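Enquirer:
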Amino acid sequence: MLAPIRIKRCQLMRPVLALAALLAFPLAAQAQSTEAPEKDELVIEGIGLSRDIPCEGQNIGIYGAENEIGLTGDCGTVIVHGSGHQVTLDQARELVVSGAGHVVSAGSVAALSVETAGHIINATLAANPGLAQVRVDGADHTLNLTLATEADIAVNGTKQVLNWSLAAGAPEPHIVAGGIDNAINRVQ
Numbered sequence: 013m014l015a016p017i018r019i020k021r022c023q024l025m026r027p028v029l030a031l032a033a034l035l036a037f038p039l040a041a042q043a044q045s046t047e048a049p050e051k052d053e054l055v056i057e058g059i060g061l062s063r064d065i066p067c068e069g070q071n072i073g074i075y076g077a078e079n080e081i082g083l084t085g086d087c088g089t090v091i092v093h094g095s096g097h098q099v100t101l102d103q104a105r106e107l108v109v110s111g112a113g114h115v116v117s118a119g120s121v122a123a124l125s126v127e128t129a130g131h132i133i134n135a136t137l138a139a140n141p142g143l144a145q146v147r148v149d150g151a152d153h154t155l156n157l158t159l160a161t162e163a164d165i166a167v168n169g170t171k172q173v174l175n176w177s178l179a180a181g182a183p184e185p186h187i188v189a190g191g192i193d194n195a196i197n198r199v200q
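Residue 13 is where the sequence shown starts when you use our numbering, and the numbers rise one by one after that.
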């Protein structure tokens, strides 16, 4: 007679949790792709577009895939959503990046939110007056930040890299980190 096989509960749960995560990620990405533009947002949507746009204080939404967009002047909220965009901007009140594989270079932003997967963000954080805020979730992002004012930074998710430095006279930031395999590096 064969002896019964004993399997610990945690051994059964690991594959189930991994499968659940794999199934949920595409659904979350699909849900985000139906995100509606803000009412007062200048929408740039398409594939492979190349444009330079003066912000003039407007909120800007960049949607679609593989667009190359240059934003000049002072922007309100800039939303970058979709995949593979290359965006440069002079200044924004808030920068929100979601989707996959964007490269964004920002002169100065007061608030930064980075979600989903695989973005590269280069920015200076400056909230005058006030506290600059950074929120990072998702996976595989690289952020290169210069902190010019007081900053509150939260890094969560998986395999995030945050490289940060202080501008002259800026105070030390408040950084909270969670998640898995995240690296937070102060650079000179």
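We put the beta carbon where it would ideally sit given N, CA and C, even for glycine.
Remember, it's a predicted structure, so these values are computed and weren't measured experimentally.
Between the alpha carbons of T170 and H131, how many angstroms are there, rounded?
Expert: By one-based count along the sequence shown, residue 170 stands at place 158. By one-based count along the sequence shown, residue 131 stands at place 119. Whole-angstrom Cα-Cα distance: 13 Å.
Enquirer: Whose C-alpha, out of N168, T161, I74, S125, is nearest the C-alpha of G58?
Expert: Residue 58 sits at position 46 when you count from the first residue of the sequence shown. When N168, T161, I74, S125 are compared, the shortest CA-CA separation from G58 is found for I74.
Enquirer: Relative to the alpha-carbon of V116, which residue among G85, I81, T128, V199 has its alpha-carbon at the smallest distance?
Expert: Stepping through the sequence shown from its first residue, residue 116 is reached at position 104. With distances taken between Cα atoms, V116 lies closest to I81.
Enquirer: Could you check what DSSP says for G73 in three-state terms: helix, strand or coil?
Expert: Taking the sequence shown and counting its residues from 1, one reaches residue 73 at position 61. Strand.
Enquirer: Span of the beta strand (DSSP E) holding K135?
Expert: Position 123 of the sequence shown, counting from 1, holds the residue named residue 135. Residue identity check: residue 135 is Ala in the sequence provided, not Lys. Here the beta strand (DSSP E) through A135 covers 132-137.
Enquirer: Looking at the unbroken beta strand (DSSP E) that takes in V199, where does it start and where does it end?
Expert: One-based indexing of the sequence shown puts residue 199 at position 187. Careful: V199 lies outside any beta strand (DSSP E) and carries neither H nor E.
Enquirer: For L157, tell me which candidate among P66, A189, I72, Q145 has the shortest Cα-Cα distance.
Expert: Residue numbering aside, residue 157 sits at position 145 when the sequence shown is read from its first letter. Nearest option by C-alpha distance: Q145.
Enquirer: Using only the alpha-carbon positions, how far apart do A123 and V55 sit?
Expert: In the sequence shown, the residue the question calls residue 123 occupies position 111. In the sequence shown, the residue the question calls residue 55 occupies position 43. The alpha-carbon atoms of A123 and V55 are separated by roughly 20 Å.
Enquirer: What is the rounded straight-line gap between the Cα of V188 and the Cα of V167?
Expert: As a working mapping, residue 188 is identified with position 176 in the sequence shown. As a working mapping, residue 167 is identified with position 155 in the sequence shown. Going from the Cα of V188 to the Cα of V167 covers about 6 Å.
Enquirer: With I91 and V108 assumed to form a contact (beta carbons below 8 Å), what rounded beta-carbon distance in angstroms separates them?
Expert: By one-based count along the sequence shown, residue 91 stands at place 79. By one-based count along the sequence shown, residue 108 stands at place 96. Sure, about 5 Å apart at Cβ, within 8 Å.
Enquirer: For T154, which three-state DSSP category applies?
Expert: Here residue 154 refers to the residue found at position 142 when the sequence shown is read from its first residue. Judged by DSSP in its simplified three-state form, T154 adopts strand.
Enquirer: Would DSSP call A182 helix, strand or coil?
Expert: Start at 1 with the first residue of the sequence shown, and residue 182 comes out as number 170. If DSSP states are grouped into helix, strand and coil, A182 belongs with coil.
Enquirer: Under DSSP, the beta strand (DSSP E) around E78 begins and ends at which residues?
Expert: Position 66 of the sequence shown, counted from the first residue, corresponds to residue 78. Note, E78: premise wrong, no beta strand (DSSP E); not H, not E.
Enquirer: Beta strand (DSSP E) containing I56: first to last residue?
Expert: Residue numbering aside, residue 56 sits at position 44 when the sequence shown is read from its first letter. 53-59 is the span of the beta strand (DSSP E), which, as asked, contains I56.
Enquirer: Are there 16 or more other CB atoms within 10 angstroms of the CB of E184, so buried, or fewer, so exposed?
Expert: Numbered from 1 along the sequence shown, position 172 holds the residue referred to as residue 184. Its Cβ having fewer than 16 others within 10 Å, E184 is exposed.
Enquirer: Since S125 and T136 are thought to touch, with beta carbons under 8 Å apart, how far apart are those beta carbons, to the nearest angstrom?
Expert: Locating residue 125 in the sequence shown gives position 113, where the first residue counts as 1. Locating residue 136 in the sequence shown gives position 124, where the first residue counts as 1. Not confirmed; about 16 Å, so no contact.
Enquirer: According to DSSP, is Q44 part of a helix, a strand, or is it coil?
Expert: Against the sequence shown, residue 44 aligns to sequence position 32. Because the pLDDT of Q44 is 42, which lies under 50, any placement of that residue in the model is unreliable, and the question is left without a value.
Enquirer: If contacts are defined as beta-carbon pairs under 8 Å, then L174 and V148 qualify, I think. What distance do you get, rounded to the angstrom?
Expert: Within the sequence shown, the letter at position 162 stands for residue 174. Within the sequence shown, the letter at position 136 stands for residue 148. Right, their Cβ atoms sit about 7 Å apart.
Enquirer: Among G60, G76, C87, D52, whose alpha-carbon lies nearest the alpha-carbon of E68?
Expert: The count along the sequence shown starts at 1 and reaches residue 68 at position 56. Here the closest residue by C-alpha is C87.
Enquirer: Could you work out which residue in S177, G60, G150 is closest to A160 when comparing CA atoms only?
Expert: The sequence position of residue 160 within the sequence shown is 148, counting from 1. Taking only the C-alpha atoms, the option nearest A160 is S177.
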